[in-house]
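>
Numbering (UniProt numbering), first residue to last: 1 to 364.
1) Between the segment 288 to 302 and the segment 166 to 175, can you find at least three pairs of beta-carbon atoms closer than 8 Å?
2) What whole-angstrom Cβ distance do residue 189 and residue 262 have, given they're in contact under 8 Å?
3) Near residue 326, what residues of its chain come up, given a Cβ to Cβ distance below 7 Å and the 5 sequence neighbours on each side ignored?
4) Please list the terminal residues of the continuous beta strand (DSSP E) segment that includes residue 49.
5) Comparing C-alpha positions only, which one of 340, 268, 144, 69 sits nearest to residue 109?
6) Measuring alpha carbon to alpha carbon, tell me which of 161, 235, 26 ends up nearest residue 386.
7) Find the nearest neighbour of residue 101 within the set 153, 50, 356, 256, judged by alpha-carbon distance.
8) Where residue 239 and residue 231 are concerned, what is the direct C-alpha to C-alpha distance, given to the nearest angstrom?
9) Go ahead and pull the three-state DSSP assignment for residue 89.
10) DSSP on residue 153, reduced to helix/strand/coil?
11) Looking only at C-alpha atoms, which of 247, 337, 41, 295 sits nearest to residue 280?
12) Can you give the beta carbon distance from residue 293 to residue 348, rounded, assuming they're within the 8 Å contact cut?
13) Taking the CB atoms as reference points, tell me whether residue 69 and residue 81 lie closer together than 9 Å.
14) How far does the beta strand (DSSP E) with residue 55 in it extend, from its first residue to its last?
15) Is the beta carbon of residue 45 less than 9 Å from the beta carbon of residue 92?
16) Is it right to say residue 350 is buried, meaning 16 or more other beta carbons lie within 10 angstroms of its own, or is it exposed?
17) Cβ of residue 71 less than 9 Å from any chain B Cβ?
18) Is residue 417 helix, strand or coil when you go by DSSP?
19) Given this structure, state the Cα-to-Cα distance separating residue 356 from residue 15, to the nearest angstrom.
20) Beta-carbon within less than 8 Å of residue 307's beta-carbon, same chain only, minus the 5 sequence neighbours each way: which residues are those?
21) Among the residues of its own chain, which have a CB less than 7 Å from the CB of residue 28, if the five just before and after it don't count?
22) Under the rule that 16 or more other beta-carbon atoms within 10 Å means buried, what is residue 17, buried or exposed?
23) With a Cβ-Cβ cutoff of 9 Å, do residue 282 and residue 271 count as a contact?
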């Protein structure tokens, strides 16, 4: 597909904003890596070779009876299972041997345990090694680079999984709400008259509702889950783009090329989609990173208040809540705050670069 001169000019303008350009690459790298979180942080091996058979424990569940046990699910952190597999083959572990819900039962200190690199050898000697024997120094125990939470779960693993679910939730919410908001704004602006008047009064009433309180009430009534929260937040987030798209359609509906299309007999749907909507998409793409950051912030806020994802889910807001409840463990709040702050900053930088790229005053 050949790019138009206007598109090439916008791409050059976006690349000239170095802060936004590198923010986009950093965000994409972090997001793509988080999509493979099971291969970065997991309590199961990525690959295993056992008695001449290649296994994929990270992707498939194997009963323990396959390795000489009797349980329905294999605990690969069990020293007996590890010895059995290593005797008859080998295992390839991910860099972090914890998943988001793995409880470390061999902590040198009570949970929430501090980062391992901050412990002394005397503190490490109080813990147990992975094999079950006493640790002589910090090199003999499994490392928790950012410590554990109050349930003994690795903070790094929960950050990776929490970042992934937050970005996926934000992308879905921003995408669906943008489609609904653009459609509503297009109908308002193109037809005008009573259609615009009635829809505008409805949007004013709907947007004046205390959405956060309604979200808390609905979350307390309905059992929270990923898609339930997505539907509840979608009910209030679609109005963000309506006013911008409505203004673009109101401005463009009386242009000469729109009148010419009507005179040629084109349907209203074709005129809206093919002729007017491309102009409105400029504002939509410019606002999209900011809508995404707002969606992530809303999910984090609900999780912090306890009305978000189900208990045990990897959540950045839940990590912040643990930091507030455990002031003696500053690594909880600081690590969660750092991930959220960096993520939102990257999205804001990307949004600023898109805004400059679509600004004709800065691309001429």
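Heads up, the beta-carbon is just placed ideally off N, CA and C, and yes, glycines get one too. Computed from a prediction, not measured in an experiment: that's the story for all the values here.
Reading it off the structure:
1) Short answer: they touch.
2) As a first step, residue 189 must be located in the chain shown, where it is residue number 189. As a first step, residue 262 must be located in the chain shown, where it is residue number 262. So it is not a contact: roughly 15 Å between Cβ atoms.
3) For the purposes of this step, residue 326 is taken as residue 326 along the chain shown, with counting starting at 1. Taken in chain order, the residues that qualify are 112, 150, 332.
4) Along the chain shown, one-based indexing puts residue 49 at 49. Residue 49 -> beta strand (DSSP E) spans 47 to 50.
5) Stepping through the chain shown from its first residue, residue 109 is reached at position 109. When only C-alpha atoms are compared, the closest one is 144.
6) Nothing in the structure corresponds to residue 386, since the chain is present only between 1 and 364.
7) The sequence position of residue 101 within the chain shown is 101, counting from 1. Nearest Cα to residue 101 within the set 153, 50, 356, 256: 153.
8) Here residue 239 is taken as the residue at index 239 of the chain shown, counted from 1. Here residue 231 is taken as the residue at index 231 of the chain shown, counted from 1. Their backbone Cα atoms lie some 14 Å apart in a straight line.
9) Stepping through the chain shown from its first residue, residue 89 is reached at position 89. The answer is strand: DSSP assigns residue 89 an E or B state.
10) Position 153 of the chain shown holds residue 153. Shown here, residue 153 sits in a strand according to DSSP, grouped into three states.
11) As a first step, residue 280 is located in the chain shown; it is residue number 280 there, counting from the start. If we check each option's Cα against that of residue 280, 247 comes out closest.
12) Translated into the one-based positions of the chain shown, residue 293 becomes position 293. Translated into the one-based positions of the chain shown, residue 348 becomes position 348. By a beta-carbon distance limit of 8 Å, residue 293 contacts residue 348. Their separation comes to about 6 Å.
13) Against the chain shown, residue 69 aligns to sequence position 69. Against the chain shown, residue 81 aligns to sequence position 81. Closer than 9 Å, so yes.
14) Numbered from 1 along the chain shown, position 55 holds the residue referred to as residue 55. According to the DSSP assignment, residue 55 belongs to the beta strand (DSSP E) that extends over 53 to 55.
15) Walking along the chain shown from the start, residue 45 turns up at place 45. Walking along the chain shown from the start, residue 92 turns up at place 92. The answer is yes: Cβ separation under 9 Å.
16) Position 350 of the chain shown holds residue 350. Residue 350 should be labelled buried.
17) Given the protein chain composition of this structure (a single chain), no chain B is represented.
18) Since the displayed the chain opens at 1 and closes at 364, residue 417 lies outside it and no answer follows.
19) Locating residue 356 in the chain shown gives position 356, counting from the first residue. Locating residue 15 in the chain shown gives position 15, counting from the first residue. Computed Cα separation, rounded: 10 Å.
20) Taking the chain shown and counting its residues from 1, one reaches residue 307 at position 307. Cβ-Cβ distances below 8 Å link residue 307 to 215, 216, 219, 220, 224 in the same chain, with the five nearest sequence neighbours on each side left out; the list follows chain order.
21) As a working mapping, residue 28 is identified with position 28 in the chain shown. Within the same chain, and ignoring the five residues on either side of residue 28 in sequence, no residue has its Cβ closer than 7 Å to its Cβ.
22) Locating residue 17 in the chain shown gives position 17, where the first residue counts as 1. Here residue 17 is buried. Its C-beta has 16 or more other C-beta atoms within 10 Å.
23) What you label residue 282 is simply residue 282 of the chain shown in a count that begins at 1. What you label residue 271 is simply residue 271 of the chain shown in a count that begins at 1. No, these two residues do not count as a Cβ contact at 9 Å.
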